[in-house]
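Numbering (the numbering used here), first residue to last: 269 to 581.
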């Protein structure tokens, strides 16, 4: 894992706000999610960036150096973004990792003269890219009750109010023979950490597992999609979005009672897209997602029961 723009913006927000709680409010994410992100950045740079106490968050000597360079980089990046904003050029479209990304991009190519695609497992990263003008539109997955914290210039429409999060497990696992899996039955498993952990997905996983009577053993942290080989080898299980079809050696099953749920939202910058363009893109997003849902053996029954209400709206 390497440092990303969203990491720089997060640590600068902490430095400017003087506390994690105030910075989290400004970024539109929860404090535990921001703490997780900061810990990852500190592992990457090899040391603590802030001393945290009752008075707030004070930069360490290393933190002061990192903040100085991060601010210079962000000033240049924001100036560059501002210089090209509102001009012609491709529509910059972002998306969380979903099974339907390729089909969605094909639809967008037909609707727009020029479009580029950026896939990021982090909804926080996508939201920040939208807020700062580095993306023009995006499909973002958040916790069912989560708040994206987007600025006034970014509009949003809910694609799907909620869908259940599924579990990917080895196809040879005894639980793979069941139509659905109880979370409590996964107590002894090794887990691949959820992508975009700072978004709150890791917090949600731990809370759901705690309610099921155990603490998940997060043994692996790998890029989005790269956990499939570990799962196929029988080494781990992982949360996945419900349209995921797994792959060789990987089975995807619903979690009994839907203990974790996410909301799918389409967002766009009003200054870059007309209402007609945004409406067409929203339709394409919904159609691509519906097709992926119907193609998923594990998710299709749920979608056939509830999805018609979404596609008809």
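We put the CB at the ideal spot given by N, CA and C, even for glycine.
Beta-carbon gap between residue i and residue j smaller than 8 angstroms
i: residue 450; j: residue 274; result: no
i: residue 471; j: residue 363; result: no
i: residue 407; j: residue 416; result: no
i: residue 564; j: residue 522; result: no
i: residue 460; j: residue 403; result: no
Rounded separation between residue i and residue j - CA only
i: residue 353; j: residue 384; result: Annotation note: pLDDT 48 at residue 353 (below 50); position unreliable, coordinate value reported separately. Approximately 15 angstroms, taken between the alpha carbons.
i: residue 430; j: residue 413; result: 9 angstroms
i: residue 531; j: residue 317; result: 33 angstroms
i: residue 288; j: residue 272; result: 19 angstroms
i: residue 435; j: residue 286; result: 38 angstroms
i: residue 500; j: residue 527; result: 24 angstroms
i: residue 359; j: residue 533; result: 18 angstroms
i: residue 507; j: residue 427; result: 21 angstroms
i: residue 350; j: residue 313; result: Caution applies to residue 350, whose pLDDT of 48 falls short of 50 and renders its modelled position unreliable; the value that the coordinates give is listed next. Their Cα atoms are separated by approximately 29 angstroms.
i: residue 355; j: residue 453; result: Legend: pLDDT at residue 355 = 47, less than 50; position of this residue unreliable, value from coordinates given subsequently. Using only the alpha carbons, I get a separation of about 54 angstroms.
i: residue 561; j: residue 386; result: 22 angstroms
i: residue 513; j: residue 439; result: 12 angstroms
i: residue 378; j: residue 366; result: 20 angstroms
i: residue 543; j: residue 572; result: 30 angstroms
i: residue 299; j: residue 292; result: 5 angstroms
i: residue 458; j: residue 496; result: 13 angstroms
i: residue 445; j: residue 480; result: 21 angstroms
i: residue 340; j: residue 306; result: 19 angstroms
i: residue 477; j: residue 361; result: 34 angstroms
Candidates the options: closest to residue i by CA position
i: residue 517; options: 510, 505, 525; result: 505
i: residue 323; options: 290, 387, 415, 510; result: 290
i: residue 455; options: 483, 556, 387; result: 483
i: residue 297; options: 474, 468, 552, 320; result: 468
i: residue 278; options: 382, 342, 433; result: 342
i: residue 574; options: 432, 480, 437, 304; result: 432
i: residue 569; options: 407, 477, 447; result: 447
i: residue 405; options: 381, 549, 566; result: 549
i: residue 567; options: 546, 519, 460, 551; result: 519
i: residue 375; options: 417, 577, 554, 571; result: 554
i: residue 284; options: 304, 326, 543; result: 326
i: residue 295; options: 407, 578, 392, 378; result: 392
i: residue 338; options: 309, 380, 361; result: 309
i: residue 304; options: 394, 462, 361; result: 462
I want to know whether the stretch 536-544 touches the stretch 418-435 - three or more CB-CB distances under 8 angstroms.
yes
Is the number of C-beta pairs between the stretch 323-338 and the stretch 367-376 that are closer than 8 angstroms three or more?
Not touching, per the Cβ criterion.
Is the stretch 487-507 touching the stretch 395-402, taking contact as three or more C-beta pairs under 8 angstroms?
Output reads no: the stretch 395-402 does not touch the stretch 487-507.
Whole beta strand (DSSP E) elements within the stretch 365-444, 3-residue minimum:
As far as the stretch 365-444 is concerned, its whole beta strand (DSSP E) runs of at least 3 residues are 383-387, 405-411, 422-432, 434-438.
Just list the beta strand (DSSP E) runs in the stretch 489-535, keeping only unbroken ones of 3 residues or longer that don't cross its boundaries, in chain order.
506-508, 518-522, all fully within the stretch 489-535.
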